[in-house]
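**Q** I'd like to ask you about the structure that follows.
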Amino acid sequence: MKKKKLLPFLVISLLLTLCCVLLFSSCEAEENKKVTLYVYNWGEYISDGSDGSLDVNRAFEEYCRKELGLNVEVNYSTFSSNESMYAKIKSGSANYDVIVPSDYMIERMVGDDLLMPLELDRLENYQYIDDAFKGENVYYEGDSENSYSVPYFYGMVGVIYNTAIVEENDSQIGSWDLMWDPSYKGNILQFNNSRDAFGTALYKLGYDVNDYNEERWREALDELLSQKEIVQGYVMDEIFNKMKSGSAAIAAYYAGDYLSMYEENGDLAFFYPEEGTNIYVDAMCIPKSSQNYELAMEYIDFMCRKDIAIENALYTYYASPLTTVVNDEGYQEAMAEVHEDAIDILYGEKAKSVPTQAYLNLSPEGIRGLNILWEELKAKSSIGNGIYIGCGVILGVLAVFCVFHVLKKRRWAKLYD
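Residue numbers (my numbering): 18 to 434.
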């Protein structure tokens, strides 16, 4: 009888124990469940652990494990132009949690309702963003209240040239004209994105890069077409190997990237064109398609942390919008070791000595017009002209051969008559 009375209690105890084990296992599994954060950024734009640098994405994963109790994996991929990034986000072909578009593209994406508003009061490190990048002082109109973006890096476009090929006393140094000098045919590189490529021609002509006037932009197209005859190629990240190796001598590109190239090739020099140039801001945003808004906010704040921001700034050599970085003596000394004028190029008189214009989002008419002009530039290939010339030469040779063959047959025919 005692055994029978004890049996229900034993069954209940076993069931309770089993429930506790299952519940604990479920909690542990939930805690260890991996969350993937998808980040989409420019190439060569984050400290990735190479050359002894800190791997920032791995550091964020470690931070999540220790501080947030989350098992996070950062899936990091890159794009080469604002336009390619926009097309991917707009089409919905891929979902990302954090993206890093430039000023004018942020304005466009806000207008297209592709970005989520940010809760800036939850970002502990946002207070260290320089006031020059806040409110009415931002370099773009689409986010004047800083609702959708947090500045990541900024900078200016200049001209890089190889002093082993370009004479230092060349009168065109300091002007966009150097990019159009026929004596450097085959040694010049141009941007492989529409906005920057047309920007070089518009700045050269002294036109407003944000006022789409078809006649003026056609004039810019003519400039680019005339330049195309002497251009080696249209590039983005490929510029690094070409300029560092000396296989190209002149290129328009970003100041931070010049410093990276100079570190590998001391013959390289740099200037901001006197006619004016582009100043840009790349900022962190959260797309509407994000599945991890809370974690994306953590990532953005982590990128603004002083130690992390310094690691990124020392890896990319781009100008930081964070006062904690710019005012850090260790950072300043490290940059001076890269190039004696590095701080001046990024933040000082060299950067302030020329007129600048930030790109704003063009009107729908302007965007369509730019796309048409860009396709027209790419379609009118000097290679295509070469093919036509080559075909003409071949046809000419064939014609001569046929005439010679006919005359030869007639000569032999006369001999046997």
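Note that beta-carbon positions come from the ideal geometry of N, C-alpha and C, so glycine has one too.
All of these numbers come straight from a predicted model, not from anything done at the bench.
Please tell me whether Y178 and I267 are closer than 8 Å, where the distance is taken between their beta carbons.
**A** Yes, these two residues count as a Cβ contact at 8 Å.
**Q** Excluding the five sequence neighbours on either side, which residues of its own chain have a C-beta within less than 6 Å of the C-beta of F150, listed in chain order?
**A** Here the set comprises P168 and P338.
**Q** Could you tell me how far apart the beta carbons of D72 and V298 are, in whole angstroms, since I believe they sit closer than 8 Å?
**A** With a Cβ gap of about 25 Å, D72 and V298 do not count as contacting.
**Q** Rounded to whole angstroms, what is the Cα-Cα separation between G109 and D65?
**A** Roughly 27 Å between the two C-alpha positions.
**Q** Secondary structure at G172, three-state DSSP: helix, strand or coil?
**A** G172 falls in the strand class under three-state DSSP.
**Q** Which two residues bound the contiguous alpha helix (DSSP H) that contains M352?
**A** Counting along the chain, the alpha helix (DSSP H) containing M352 begins and ends at E346 to V355.
**Q** At which residues does the alpha helix (DSSP H) containing Y271 begin and terminate?
**A** That residue, Y271, is in no alpha helix (DSSP H); its beta strand (DSSP E) goes I267 to Y271.
**Q** Tell me S389's beta-bridge partners as DSSP assigns them.
**A** What sits at residue 389 in the sequence shown is Ile, not Ser. Partner(s): none; I389 has no beta bridge.
**Q** Would E158 pass as a contact of E184 if the rule is Cβ separation under 8 Å?
**A** Cβ distance not < 8 Å, so E158 and E184 don't count as in contact.
**Q** Along the chain, where does the alpha helix (DSSP H) containing F288 start, and where does it finish?
**A** Segment L285 to F288 is the beta strand (DSSP E) holding F288; no alpha helix (DSSP H) there.
**Q** Per DSSP, what kind of secondary structure is N154 in: helix, strand or coil?
**A** Looking at N154 - three-state DSSP - the assignment turns out to be helix.
**Q** Would you say I116 and C302 are within 8 Å of each other, going by their C-beta atoms?
**A** Closer than 8 Å, so yes.
**Q** Is the region 202-218 in contact with the region 329-348, if contact means three or more CB pairs nearer than 8 Å?
**A** Contact between the region 202-218 and the region 329-348 is absent, because fewer than three Cβ pairs lie under 8 Å.
**Q** Tell me which same chain residues have a C-beta within less than 8 Å of the C-beta of R322, skipping the five on either side of it?
**A** Taken in chain order, the residues that qualify are N142.
**Q** Can you tell me where the beta strand (DSSP E) holding E90 begins and where it ends?
**A** Its beta strand (DSSP E) spans residues N88 to F96.
**Q** In three-state DSSP terms, what is Y229?
**A** Three-state result, Y229: coil.
**Q** I think M173 touches N295, with their Cβ atoms under 8 Å apart; what is that distance to the nearest whole Å?
**A** With a Cβ gap of about 7 Å, M173 and N295 count as contacting.
**Q** Under three-state DSSP, which class holds N74?
**A** Three-state result, N74: helix.
**Q** Going straight from the alpha carbon of S306 to that of Y62, what length do you get?
**A** So the two alpha carbons sit approximately 23 Å from each other.
**Q** When the Cα atoms are used, what is the spatial distance from E162 to D114?
**A** Near 21 Å, if we compare the C-alpha coordinates of D114 and E162.
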